[in-house]
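In terms of my numbering, the sequence shown opens at residue 14 and continues consecutively. Have a look at the structure below before the remarks.
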Amino acid sequence: MRHTRYSTKRPKIKITEIKEPDVLGWCYADGIIEIDPRQNDKNFFLTLCHELIHHHFPDISEKDVIKMEKIMGEELWNRSVKKVIAKHKKRE
Ligand SMILES: [Zn+2]
Numbered sequence: 014m015r016h017t018r019y020s021t022k023r024p025k026i027k028i029t030e031i032k033e034p035d036v037l038g039w040c041y042a043d044g045i046i047e048i049d050p051r052q053n054d055k056n057f058f059l060t061l062c063h064e065l066i067h068h069h070f071p072d073i074s075e076k077d078v079i080k081m082e083k084i085m086g087e088e089l090w091n092r093s094v095k096k097v098i099a100k101h102k103k104r105e
């Protein structure tokens, strides 16, 4: 049976403008994730999902990370995250 190496360690997430063109998120080997805030709520959430997959499953290929981001991220966004953010914004 094939096992995928994974980490349960929580990353440190920094919201920061990323200088590299066309890059919206980074996941560093030392456990730091950077997310560029210049995205709409949904893309911000999907970028966060993407970088979290890299962080927790460091051996997964970029192609598979994108697949997981689309499948899990879209499903979570459509089912609950969208509603949670809308509810939270109403309270502000
Ligand atoms: Zn990636």
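Glycine residues also receive a C-beta, built at the ideal position from the N, C-alpha and C atoms.
For residue 64, the enclosing alpha helix (DSSP H) stretches over residues 54 to 69. The three-state reading of DSSP puts residue 80 in helix, counting H, G and I together. Annotation: residue 76 to residue 103 spans about 37 Å, alpha carbon to alpha carbon. Near ligand 1, meaning a Cβ closer than 6 Å to any of its heavy atoms, lie the following residues in chain order: 63, 67, 75 and 78. When C-beta atoms of the region 72 to 87 are compared with those of the region 32 to 39, fewer than three pairs fall below 8 Å, so the two segments do not count as touching.
When DSSP states are grouped into helix, strand and coil, residue 25 belongs to the strand group. In the structure shown, the three-state DSSP call for residue 44 is coil.
One thing to note: residue 49 has its Cβ no nearer than 8 Å to the Cβ of residue 64.
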